[in-house]
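Student:
There are 2 protein chains.
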Amino acid sequence: MKRTKIKYALNATAPVEEIVIKGWVRSKRDSKGFSFLALNDGSCLGTIQVIVDHTPEIEAALARTGTGASVAVTGELVESPGKGQKWEVRGRTLEVLGEADQETFPLQKKRHSDEFLRSIAHLRPRTNKYGAMFRMRSELAQAVHKFFADKDFFYIHTPIITGSDCEGAGEMFRVTTLEQGSKAGPEEDFFGQPSALTVSGQLSAEMFALSLGDCYTFGPTFRAENSNTPRHVAEFWMIEPEMAFADLSDDMDLGEEMIKYLVSHMLDNCAEDVDLFANWVDKTLMSTLETILKDPFERLPYTEAINILKKTKKKFEYPVEWGIDLQTEHERFLCEEKFKKPVYVYDYPKTIKPFYMRLNDDDKTVAAMDCLVPRIGEIIGGSQREERMDVLTARMDETGLNREDYWWYLESRKFGTAPHAGFGMGFERMLMLVTGVSNIRDVMPFPRTPKSLDF
Amino acid sequence: MKRTKIKYALNATAPVEEIVIKGWVRSKRDSKGFSFLALNDGSCLGTIQVIVDHTPEIEAALARTGTGASVAVTGELVESPGKGQKWEVRGRTLEVLGEADQETFPLQKKRHSDEFLRSIAHLRPRTNKYGAMFRMRSELAQAVHKFFADKDFFYIHTPIITGSDCEGAGEMFRVTTLEQGSKAGPEEDFFGQPSALTVSGQLSAEMFALSLGDCYTFGPTFRAENSNTPRHVAEFWMIEPEMAFADLSDDMDLGEEMIKYLVSHMLDNCAEDVDLFANWVDKTLMSTLETILKDPFERLPYTEAINILKKTKKKFEYPVEWGIDLQTEHERFLCEEKFKKPVYVYDYPKTIKPFYMRLNDDDKTVAAMDCLVPRIGEIIGGSQREERMDVLTARMDETGLNREDYWWYLESRKFGTAPHAGFGMGFERMLMLVTGVSNIRDVMPFPRTPKSLDF
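Protein chains in written order, with the working numbering: chain A, 698 to 1152; chain B, 698 to 1152.
Right, here's the structure in full:
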């Protein structure tokens, strides 16, 4: 007989005479003549209560059953006379599928630290918190795809292994089939040239925006930065929409609509799991999310942002001057203290931004924007792209990039160029926003950080 | 005014007095006093016909307009008196957004070879065939997510950079931040140990199946195989479902349901684009897809498959003996000639399969299955996983794997192990199946192959 997922058993509308439940034991309580098991199968946060009478067969099975064991129960789903649950299972049979040694099973019924749970990342999804986290991660990813599908954006798989460096920055992982230490040159390597893990799919996505129209990527992205902070990992997932015939204002509209859609989707579809985080992880979570939904985001030119930061009495670690890149402390001040809601800062100095951002008429700033949200800081960074060939090549020369390396990118400006704009959103940052979790390592199945490659 | 995507203009239900269309010129035809433009914006296969009168402004714009140029047109959407289209646009203004030099623009109105178009992969989505391909690729990816979401499977992002080797085989790309040729050891590398690009997310996904229940991965996967065939690329996308409390028969059920769902979804949602491939690429496409939908897939034990292959009069390049791995010629014979429909071959010799597949009671075969489809060969490979600790560790010892390297994987069998099963489906192979395209390079935005890393 097919098992019923506990999520559906708990939401039953009528008793069920014959039901099969399979899952992991969260707790066992023995009474005179019968025992209670609380079972969870990961389909939802809740456990279902199973009551079994002490027949000889069941007593033998119970002796092998403890927290962490996996079992199969057949029985009847009935209304529970007890408090705290609507339905319970009167078990007829109990089969132990997999025991769990009670001396060594690390997830006994007590609260564990996030640090400890990271060291058993293969088991932490069996806890309430991380079960909720990874159900929410899944739902958030589904919501991203649904958002774009509903808006007729095409999903594009841009390459992971690349020969080009989107940001013009370093900090990339090399990919090779040569042995470490061998004297062979790049021409002998798999691709016949140096290759690396992508830091952004944007340049490739632009090719599709300029042919299929609106599109987006959603895939893994890499930074070989040797920084051990709660905000950095070497591998993370990024969402990069790219719109044809769009400018910076369209770009900010899309980002705002997307953030609001995702927050609203999660509140509607993951209420139980969101509650767990609101109750146990971040008491301000609900008010943060409500603020995001309620008002239009603030939209503030960089120059005004700098003036605000210079005028405030607040002391910052990094001094504020026109021309600096905003630091997290500045970003958080703007959205948490000054405006108390998400803030777009736009029109940044060209000197601190990459070559592909569209030069404004002032010749000093580019049509770039960052979206800052409470607690996280930057959650979106984007721009209108430079579609004018002469301006683009001049900027490439200025920043020391080799035109030949970007011949295909430049051809998109040579043949039927068009205004277009896009942004990148860190998927993990969005997940941190909707869960209130402050360490990026705790929103990923198996995080990759310097000197850490377990699992 | 907001542009209307051509897909919606072509499907209008009433005339529109004021409409804005933006797109790329597919062709221009001049007549006395007026000109015709066929515009495409990638939102669909079709072009919309625009008619503009020769006012001085428009003549100046027309002089700069040729195939490949991007333009913006404002005008009125009216019923077309001409044949071949229901609606056309009477243009009032024509603005050239980006010219295309007619001497050098490579996509003039004629048929180009796939080989040539691969060399301009950044422009090929502007052709009918590759526009259709990448719209279908997007829709197929959306359908994968929808299939699993509707079945309550959780989407898991398993790591791309890994320290372990799922197949126990070689052929992996190394990932490093050390300079090529440096004498530094792995302890000085970013992760403090050797690291590589994943060949499968399965082992990680199993951890989630054994906590959240049914789950799946859908992400990039890598093979550093130096083979230049129409079926191999170094980077491709794989879908890997993993089900808790499931056996090999459940696994085959899921695969069959999934393939039928995806085929059916594409026929329903991409009819126009599918037609292009049925008409121009593979005349047998429709009958292949109908066969897949119509009947239950054949399910055939490996031993019987070998007997069939030995008995047939057909000559194979690779000789057939019990114990061999099936070659593409064998697979295609079984599904194309013998059964004329998709075929599952299951219970393979353990000697040709990885350690994690569940040993059958005969001690000679494992609960593995491959799904073979016409034209493609293997599209799915999967198995019930070995959930018994003692059998699993014995198999690891047999195949020379180090238990310590897999400590976390083994712990899932130590604490509450449960029967589970899963498979991998090559996303590109599925896309080749529904388009009839025979070279994997032509179903990917920017394929990565030996000595080829353009774009």
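The beta carbon of each residue, even a glycine, is placed where N, CA and C say it ideally should be.
1. Looking at the strands, I want to know which residues DSSP matches up with glycine 1078 of chain A.
2. Looking at chain B, is there any beta carbon in it that lies within less than 8 Å of the beta carbon of histidine 809 of chain A?
3. Closest to glycine 910 of chain B by CA distance: which of A:Ile718, A:Lys1008 and A:Ile858 is it?
4. So with CB distances below 9 Å, who are the chain A contacts of tryptophan 1105 of chain B?
5. Taking the beta carbon of arginine 695 of chain B as the centre, do at least 16 other beta carbons fall within 10 Å, making it buried, or is it exposed?
6. In this structure, does DSSP put leucine 804 of chain B in helix, strand or coil?
7. In this structure, does DSSP put asparagine 737 of chain A in helix, strand or coil?
8. Return the chain-ordered ranges of every alpha helix (DSSP H) run that is complete within the segment 806-846 of chain A and spans a minimum of 4 residues.
9. Rounding to the nearest angstrom, what Cα-Cα distance links threonine 914 of chain B and threonine 855 of chain B in this structure?
10. Would you grab the beta carbon distance between phenylalanine 831 of chain B and proline 1142 of chain B for me? Rounded to a whole angstrom, and I think it's under 8 Å.
11. Counting only beta-carbon atoms, is tryptophan 934 of chain A nearer than 8 Å to chain B?
12. How about the segment 1107-1115 of chain B and the segment 917-932 of chain B: do they share at least three Cβ pairs that are nearer than 8 Å?
13. If you measure from the beta carbon of serine 767 of chain B to each beta carbon in chain A, is any gap under 8 Å?
14. For a test of the three-state rule: what should DSSP assign to leucine 982 of chain A, helix, strand or coil?
15. Sort out for me which residues DSSP pairs lysine 719 of chain A with in a bridge.
16. Give the DSSP-derived three-state secondary structure of isoleucine 748 of chain A in the structure shown.
17. Let me confirm a value: tryptophan 934 of chain B is counted as buried when at least 16 other C-beta atoms fall within 10 Å, else exposed. Which label applies?
18. Out of B:Ser879, B:Ala893 and B:Val960, state which residue places its alpha-carbon closest to the alpha-carbon of glycine 860 of chain B.
19. With distances taken from CA atoms, which of A:Tyr958, A:Met963 and A:Glu903 is nearest phenylalanine 942 of chain A?
20. Check each candidate in B:Met1086, B:Ala931, B:Gly720 and B:Asp948 and name the one with the smallest Cα separation from threonine 771 of chain B.
21. Tell me the rounded alpha-carbon separation between glutamate 954 of chain B and threonine 981 of chain B.
22. I'd like the list of long-range same chain contacts for methionine 983 of chain A, defined as Cβ closer than 6 Å, with 5 residues on each side in sequence excluded.
23. Using a Cβ-Cβ cut-off of less than 7 Å, list which residues of the segment 898-913 of chain B approach chain A; keep chain order.
24. Cα separation between glutamate 639 of chain B and proline 891 of chain B?
25. Using a Cβ-Cβ cut-off of less than 9 Å, give me the residues of the segment 776-805 of chain A that come near chain B, in sequence order.
26. Check glutamate 1084 of chain B in the structure and name its three-state DSSP category.
27. Go through the segment 931-1003 of chain B residue by residue and report every complete run of the alpha helix (DSSP H) that reaches 4 residues or more, in order.
28. Quick one: list the residues of chain B neighbouring phenylalanine 831 of chain A, beta-carbon separation under 9 Å, in chain order.
29. Any Cβ of chain A within less than 8 Å of the Cβ of arginine 871 of chain B?
30. Would you say arginine 723 of chain A lies against chain B (beta-carbon separation less than 8 Å)?
31. Of the residues that make up the segment 727-749 of chain B, which ones have a beta carbon closer than 8 Å to any beta carbon in chain A?
32. For the alpha helix (DSSP H) containing proline 927 of chain B, list its first residue and its last residue.
33. Tell me the rounded alpha-carbon separation between glycine 763 of chain B and glutamate 756 of chain B.
34. With distances taken from CA atoms, which of B:Ala881, B:Tyr852, B:Leu875 and B:Phe919 is nearest threonine 895 of chain B?
35. Exposed or buried, what is alanine 760 of chain B when buried is set at 16 or more other beta-carbons lying within 10 Å of its beta-carbon?
Tutor: Walking through what the data contain:
1. A:Asp1067 and A:Gly1121
2. no
3. Closest in alpha carbon position to glycine 910 of chain B, among A:Ile718, A:Lys1008 and A:Ile858, is A:Ile718.
4. Ile817, Ala818, His819, Leu820, Asp1151 and Phe1152
5. Residue 695 of chain B is absent from the structure shown; chain B starts at 698 and stops at 1152.
6. coil
7. strand
8. 811-816
9. 7 Å
10. About 7 Å separates the two Cβ atoms, so the contact holds.
11. yes
12. no
13. yes
14. helix
15. A:Ala769
16. Residue state, collapsed to three classes: strand.
17. buried
18. B:Ala893
19. A:Glu903
20. B:Gly720
21. Approximately 22 Å, taken between the alpha carbons.
22. Ala975
23. Ser901, Met904, Phe905, Ser908, Leu909 and Gly910
24. Given that chain B is displayed from residue 698 to residue 1152, the structure contains no residue 639 of chain B and the question cannot be resolved.
25. Leu794, Gly795, Glu796, Ala797, Asp798, Thr801, Phe802, Pro803 and Leu804
26. coil
27. 945-966, 968-977 and 982-991
28. Phe851, Ile853, Phe905, Ser908, Leu909 and Cys912
29. yes
30. no
31. Of all residues in the segment 727-749 of chain B, the ones placed with a Cβ closer than 8 Å to any Cβ belonging to chain A are Asp738, Gly739 and Ser740, in chain order.
32. Counting along the chain, proline 927 of chain B falls outside any alpha helix (DSSP H), and DSSP gives it neither H nor E.
33. 13 Å
34. By alpha-carbon distance to threonine 895 of chain B, the top candidate from B:Ala881, B:Tyr852, B:Leu875 and B:Phe919 is B:Phe919.
35. exposed
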